[in-house]
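Numbering follows the working numbering, in which position 118 of the sequence shown is assigned residue number 143; successive positions increment by one, without gaps.
Where is the CB? At the ideal position from N, CA and C, for every residue including glycine.
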Amino acid sequence: MMTPRKRQSRVYWRVRSGTRRAYGDFRDYADVGGKLEPLIPIGERFATTDPDLALRLALRRLEELEAARKRRAITGKADVITLAEYARDYLIAKRKTGNVTTGWLAACQKFLERAVAFLGADRPLDEVRVSDVRAWSAHLLTHVELPRTGPNAPKNKAPKSLSPDSVRRHLFTLSNLYRFAQEAEHVPPGFNPVASFADKPPKPQRSAAWLEAPDVALLLESARTVQTVATPFAEGFDAGFVHPLLATLALTGGRRGEVLGLELDDVSLDRRTITFRANRWRDRLKTGASWRTVPLWPQLEGILRPYLFGPRLLRGGSLLFPSFVAGREQPLREIRPMLDRVAMRAGWKAREINARMFRHAYCAARLQTLDHGAPVSVYTVSRELGHGSTDMVEKVYSHLGTVRHRSEEVEFRIEQHFEVLGQRLEGLPFVTRNVTGEHSLTAKDEAPPSITFDEASLYDQSGRRDLNPGPLAPEASALPGCATPRH
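So, in C-alpha cells, the structure goes:
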C-alpha cells in the first residue's frame, strides 16, 4: 500500500460550471467517515467560494472527526448521537420495559423537551458539560410555566414558575437518560454531567399534610350526606357513590390511582380482604411491592356491601368505582370536585383536602391498632401501604396525633368523636347516632344514601360468586379473618 503524500492544506479547489469552489480532504479519517467532501456553509446548497470561510469550515469538520475518533476509542462507536435523538430512544426504551406508567412517560417527555430546547437538539450527547447543566437549572428556577390550553384545561390559572422540587425532577430525568446512555455505550463509562452537578436545588423540607381520626370521620359523614356532585365530564355522583369511594381511600391506605383502578373482583366479602394488583385498566402498580392484600375492615365492609349490591350492581361493568363517558366504562380520572364539595361542607376550603391525606391518616390510625393483642408491627403497616421496606412509614407516613387509642381495627366513626368535633358538626345536615344508639336529626335535612345496610340484605346474594377469585398477595394468610372467613 502506498503511503499518502503529506498534505499542504486540508482545503483544495475545484472549478464547477465556471465557478471555483472549496472542498476538504479528510481521507486520513476514513475510519470515522472522513472523505473528499464539499465545504458547504449551513443554510446553503453548494460549496463555498470564500477562502477564509472554507478554512473555518475545514477546521470545524476536522474537530468533528477528531471527536469521533476519540469517541470510537472510548465507546467503540464513532456515530454522533444528539441529545434529541437519544431522548426519543430513551423514552421508547423505557416504554418497552413495561416498568413505567403512561403518566410517568408523559412527564419525562415534558422534562426532556425542556432540556432539548435549552441545551440544543443537535447537541452531541457527550458534549453536554456540568456548566451547561448548571445554566439549565438556573433557567428552570426562573422559568414561568404557561397554563395548559384546551377543553379540559383549568380555567383562570395564572402562570407560575417551577418549584425547586420540580427542577430536581427535571435534573433526575436527564441524569437517568445518561445512565441509560452509558449502558448503551453512547458515552464513556461514568460520563454524567448531571451527577457531577453538586448544587442541585435543595429538596424542600416540609411535613406531609394529613388528617387526624376526627377529621376523617367528619369528612366521611359529609360524604355520606352530600348531594349530587358533577364532574368535568358532566357526570353526576351522589352520596351513594362518593361515600364508598372516600371510605375506601381512608380505610385501605391505597394510593389514589390504586383505588380508582380497583375492580369488583379485587374486593372479597368472603375473605374480608381488598387486593391491589395490576389489571387491564392500568399499566402497572407503582412498585413491585404495591401488589398486596389489605384487610376489609368492618366499617368499610358496612359501607361497601350496600353499595355493591345496590347502586353498583345496577350500573354494570367491572370497575369498583367506574366512570361512564359516552356509554363506555373507564376509570374515574378526576375526583377533586368530589373532595372539594365534601370538604367545604365540613368547613375546609377548596383544594385543601387531597386523596393522599387519607393515605397518611390510614397509616397513623393503623399504627395504633393491635395485632393479635400486641401492637402492630411497622413492617405490617408498610406492606399494607405497598412499600418494600419500613423507611417510608418511619420517615414520611407515621404521624402522632392527639387522638390515640389501641383497638383491633381501623375505623373512623363519627359517633366516636362527637366531643372532639363539637361545633364543627353544626354546619353538617346529617343523621347522627350517639354511643347509646339513639338517633338525632339536625335542623337541615339532606337526603342520605338511598340504600341502607339493612336494605342491602334484601338483594339475592346467593348467586354472586366470591368477589376475589384471584390469588392473594403472599402476606394475605397473616391477615385477620383470611384463614376462616366469618359468615
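Asked, Found
"Chain-order list of residues whose beta-carbon lies under 7 Å from that of ARG39 (same chain, five-residue window excluded)", "ARG46 and TYR48"
"Proximal residues to ALA481 (C-beta, below 7 Å), its chain only, five neighbours per side dropped", "The predicted model places ALA481 with a pLDDT of 35, which falls under 50 and marks its position as unreliable; any figure quoted below should be read in that light. So the list reads ARG330, PRO331, PHE334 and GLY335, once near-sequence residues are dropped."
"Local conformation of VAL153 per DSSP, three classes", "coil"
"Buried versus exposed, by CB contacts within 10 Å (16 or more), ALA503", "Note on ALA503: pLDDT 42, under 50, position unreliable in the model; the coordinate value appears next. Looking at its Cβ environment, which holds fewer than 16 other Cβ atoms inside 10 Å, ALA503 is exposed."
"Proximity winner among GLY279, GLU208, TRP306 and LEU294, relative to GLU288 (alpha-carbon distances)", "TRP306"
"Status (buried if at least 16 other CB within 10 Å, exposed otherwise) for ARG41", "exposed"
"Which listed residue (GLN134, PRO189 and PHE197) has its alpha carbon closest to that of PRO227", "PRO189"
"Bounding residues of the beta strand (DSSP E) (the contiguous stretch that carries GLN355)", "353 to 356"
"7 Å Cβ shell around THR44 - same chain, five flanking residues per side excluded", "THR74"
"Cβ pair ARG52, LEU64 closer than 9 Å", "no"
"Inter-stretch contact at 8 Å, needing at least 3 Cβ pairs: the stretch 300 to 320 / the stretch 366 to 378", "no"
"Which of helix, strand or coil DSSP assigns to LEU344", "strand"
"Terminal residues of the beta strand (DSSP E) in which GLU433 lies", "Neither: GLU433 is in no beta strand (DSSP E) and is coded neither H nor E."
"Neighbourhood of LEU321 by C-beta, 6 Å cutoff - its chain only, sequence neighbours within 5 removed", "ARG297, THR298 and ILE299"
"In chain order, each beta strand (DSSP E) run of at least 3 residues that lies wholly inside the stretch 377 to 404", "none"
"Coarse secondary structure for ILE360, derived from DSSP in three states", "coil"
"Whether ASP50 touches ILE106 by CB criterion (9 Å)", "no"
"At least 3 beta-carbon pairs within less than 8 Å: the stretch 195 to 202 vs the stretch 130 to 150", "yes"
"Residue burial classification, PHE346 (beta-carbon count within 10 angstroms, cutoff 16)", "buried"
"Whole-number beta carbon distance between LEU245 and ALA275, since they are thought to touch under 8 Å", "7 Å"
"LYS121 in three-state terms, based on DSSP", "helix"
"Rounded straight-line distance, which links the Cα of GLU354 to that of GLY342", "7 Å"
"Limits of the unbroken beta strand (DSSP E) element including VAL57", "Segment: none, VAL57 is in no beta strand (DSSP E) and carries neither H nor E."
"THR253, buried or exposed, once every other Cβ within 10 Å from all chains shown has been counted against 16", "exposed"
"Assigned exposure category for SER186 - 16 Cβ within 10 Å defines buried", "exposed"
"Which listed residue (TRP161, ARG391, ARG249 and GLU359) has its alpha carbon closest to that of VAL219", "TRP161"
"Buried versus exposed call for ARG35 [16 or more other C-beta atoms within 10 Å across all chains shown]", "buried"
"Enclosing alpha helix (DSSP H) for TRP129 [first to last residue]", "127 to 144"
"Three-state secondary structure assigned by DSSP to THR198", "helix"
"Where LYS374 sits in the DSSP three-state scheme", "coil"
"Proximity test, PHE301 beta-carbon vs the ligand ATP heavy atom, cut-off 8 Å", "Although the ligand ATP was asked about, the structure shown includes no ligands whatsoever."
"CB of ARG281 within 9 Å of CB of ARG381, strictly", "yes"
"Option in GLU440, ASP77, ARG376 and GLU433 with minimal Cα separation from VAL401", "GLU433"
"Separation of ALA242 from LEU236, as counted between CA atoms", "10 Å"
"Paired residues, beta bridge with VAL267 - DSSP", "According to DSSP, VAL267 bridges with nothing at all."
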